[in-house]
């Protein structure tokens, strides 16, 4: 950086750049000297420094999120080849919670997020669809627009059907070619609509995300922001599965790694990776071969053109559904393989128009073909038997959803699989992706964190490992801090704890709270305080025991530890089996912070083992409800026990 | 009689933006600032500062934050980014923010919001990418096919524009209040 004279107008920008670099940790020694010298000498620079630091924090934590979506659109207009970051990403919690979708925003650092929506009307959060939420007003506006657009399209579609598909295809093609301003009739309307849409940058909703399993995103900027999907939405999955259900009913399962763009209400562009599409017959309009060729031509030039047959476009081919279930795979060279599981598809190469007729095939069930580039353009060939075995690698069904847990009264839910934590119905950031390990935990002591172990409870079953090499625990204090208000758990005369835990030895703390309230305030919940294998609870240092030898403490056995408290009476369960009862104070007063794996602030009785999941309810669950939670945990962690799943939530 | 623990935690949370930016200014790393803020938060709960009023408590927060921030910088085996004397001199500016009532800070927030709207989409976008999405300048530069220096310069320009805009709004408000 060349330093301008101190009285030059550009000096302010030079100074601001020093500060910006300083805050980004990107200031070299010379820059640091310059910054210190300026701050030492000039009071106005000190004021400016503080102002910039404070403003940066406000943008990071409060103001920026309000502009994220808007800026995205503006930016994509300016630089269409750039993938714009989206609104703060919202991650679906996973199918473990079944049909009750909970959307969780997973952000690095001290970043604000729009509020989450949760099905059971949380008391305080502003749902993302609310007019008061940062994105809600826009969503509502867009929804109304989408409804109006659908009405318009409905009317137009009648005209459309009556006028023959070719008209639209040809008209759209000519429109595309001429770049002109539309003719008469439907094609003109289509062109006008296209133009108007471009002007308004409004794209209709064409489907929604109907399932996600362990999604990780190759490009965080392309994380979905909400279940509804607009035309033009892109997804870049690093791993995991995501199912899209189009408004037509067609379903697509994206299989990471995969890059896919929802181009139209009836298809998309698969740039890389695999997908499986299932399209029921009758979901599209019949078209002639000629119209199909026209359509293909139009699509190859205008990927955003809406077509009625479900079509997957790739760098080298169009795969057009003829009522079927099929898989498509695109490799890094752009080569496209298509496998038909049921029904028929047409695969046609994208390239020289003259090659169209030679380069299209109708594939029937169990047939497959590959489109790949060679010197003469794009070549299409049937796959060999050995190559067809690859078809088995397609995921054709989303994993079955597990029972949802009851959400009423759920005060805190630590679920490490989808990396979420729910506190009072709101998502809260507590595990955020960052750094080579990809996980960062807010912990009691900075130098000794519990370790995130992606397979602590088996394959794809992560947990937090506590190794007792120092005073370490995990606190939700930071959660409160970022959410804006203290979030006391307010456990008083009823609560219900569940934890999936592995425990080594005795005197192991699962969770505790030291906050003193008007009544007994310190509580702890753990194993082996009253004797080997006991599951214990203390309120205000009064340890309450249970039957001994129920809790496995070999360090390797995963188990569900559960305590239900109602008006002074404690009931303890291990894997759903009663482990005794105890009587304590009729009411307790538990305020945050809560600590996992440690007893109190000073690090007593730390856990040696692992936690896979924790649920804390502010109510005492009925047996039906605890069976739902127990069955959910059992199914997820592959545990045995006495829980009897009910129909509720399942 | 000292402040109640619950009140102390509430104040800590109310102060978090000011305290966080203070820490961030010392450690020069937003992630490290999060850690330090966490440490300070825990220290507050552990020590339960024996102070009589909120203004004393804020001073306590600031001292604890400075101590922890400098410790964190040392742990990273880095020399202090800002000299002690500079930190001392900056205290006066930070204390201005401490003294500001919440209503003023809320007004400032609204002004910042308005001024963000007046930025060019490009500038606004850069700020959002850098601060809100936490993208490093090198990453922004890669995505936008720009030089890192260009990104920093653009963010600095955006800061300057925001600063001028907010100053203008403050001046207008003062005139209106008179």
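Residue numbers (my numbering), protein chains in the order written: chain P, 832 to 1481; chain C, 69 to 246. All C-beta atoms in this analysis are idealised placements derived from N, C-alpha and C, irrespective of residue type, glycine included. Here the structure is a predicted model, which means the values were calculated and not measured.
Local Cβ density within 10 Å of residue 1457 of chain P, reported as buried at 16 or more and exposed below that
buried
Nearest chain P C-beta to residue 221 of chain C closer than 8 Å, yes or no?
yes
Would you be able to state if there are at least three C-beta pairs under 8 Å between the stretch 188-199 of chain C and the stretch 231-238 of chain C?
no
Got a sec? Which residues, its chain only, sit under 7 Å from residue 1226 of chain P by beta carbon, not counting five neighbours each side?
1072, 1084, 1086 and 1107
If we call anything under 8 Å between Cβ atoms a contact, is residue 1376 of chain P one with residue 1334 of chain P?
no
Give the DSSP-derived three-state secondary structure of residue 1418 of chain P in the structure shown.
coil
Reduced DSSP secondary structure (H/G/I, E/B, other) of residue 206 of chain C
helix
Hey, would you say residue 872 of chain P sits closer than 8 Å to residue 846 of chain P, going by beta carbons?
no
Under 8 Å between C-beta atoms, does residue 1085 of chain P make it to chain C?
no
Does any CB atom of chain C fall closer than 8 Å to the CB of residue 1354 of chain P?
no
Figure out for me which residue from C:240, C:170, C:196 and C:245 has the closest Cα to the Cα of residue 223 of chain C.
C:196
For chain P, is any of its Cβ atoms less than 8 Å away from the one on residue 118 of chain C?
no
Have a look at the DSSP bridge pairing and note the partners of residue 1341 of chain P.
Answer is none; residue 1341 of chain P lacks a bridge partner.
Nearest to residue 1398 of chain P by alpha carbon, out of P:1380, P:1370 and P:1391?
P:1370
Are there three or more Cβ pairs, one per stretch, closer than 8 Å when the stretch 1435-1449 of chain P is compared with the stretch 1458-1469 of chain P?
yes
Spell out a yes or no on whether the stretch 144-154 of chain C and the stretch 203-215 of chain C are touching, meaning 3 or more CB-CB pairs, one atom from each, closer than 8 Å.
no
Within 8 Å of any Cβ in chain P, is that where the Cβ of residue 174 of chain C sits?
no
Within its chain, find whatever has a CB closer than 8 Å to the CB of residue 121 of chain C; leave out the 5 residues flanking it on each side and keep chain order.
71
With distances taken Cα to Cα, identify the nearest neighbour of residue 166 of chain C among C:131, C:211 and C:178.
C:131
Tell me which residues of the stretch 848-864 of chain P have at least one Cβ-Cβ distance to chain C shorter than 9 Å, keeping chain order.
848, 849, 850, 851, 852, 853, 854, 855, 856, 857, 858 and 863
For residue 1437 of chain P, which of helix, strand or coil comes out of DSSP?
coil
Does DSSP classify residue 1429 of chain P as helix, strand or coil?
coil
Could you say which of C:137, C:243, C:184 and C:79 lies nearest to residue 97 of chain C if we only look at CA atoms?
C:137
Look up residue 1406 of chain P in the DSSP assignment and say whether it is helix, strand or coil.
coil
Distance, residue 1050 of chain P Cα to residue 936 of chain P Cα
Residue confidence for residue 936 of chain P is low, a pLDDT of 26 falling below 50, so the modelled location carries little weight and cannot support an answer.
By a C-beta neighbour count over all protein chains shown, 10 Å radius and 16 as the cutoff for buried, is residue 1293 of chain P buried or exposed?
buried
What separation, rounded to the nearest whole angstrom, lies between the Cα atoms of residue 1163 of chain P and residue 1110 of chain P?
26 Å
Report back the beta-carbon spacing between residue 161 of chain C and residue 850 of chain P to the nearest angstrom; my notes put them in contact at under 8 Å.
With 8 Å as the limit, residue 161 of chain C and residue 850 of chain P do not qualify as a contact, their Cβ atoms being about 13 Å apart.
With distance defined between alpha-carbon atoms, name the residue in P:1243, P:893 and P:1415 nearest to residue 1372 of chain P.
P:1415
Please name the residue, chosen from C:176, C:208 and C:112, that lies closest to residue 241 of chain C on a Cα-to-Cα basis.
C:176
Top-ranked residue by Cα proximity to residue 1444 of chain P, from P:1392, P:1238 and P:1094
P:1392
With a cut-off of 8 Å, does the C-beta of residue 875 of chain P fall near any C-beta of chain C?
no
Return yes when the Cβ of residue 1441 of chain P is within less than 8 Å of the Cβ of residue 1329 of chain P, no when it is not.
no
Kindly list, in the order they appear in chain C, the residues whose Cβ is closer than 9 Å to that of residue 1069 of chain P.
By Cβ distance, chain C contributes nothing, its closest Cβ being about 16 Å from residue 1069 of chain P, past 9 Å.
In chain P, what lies closer than 7 Å to residue 154 of chain C by C-beta?
867, 870 and 871
Shorter than 8 Å from the beta carbon of residue 179 of chain C to some beta carbon of chain P?
no
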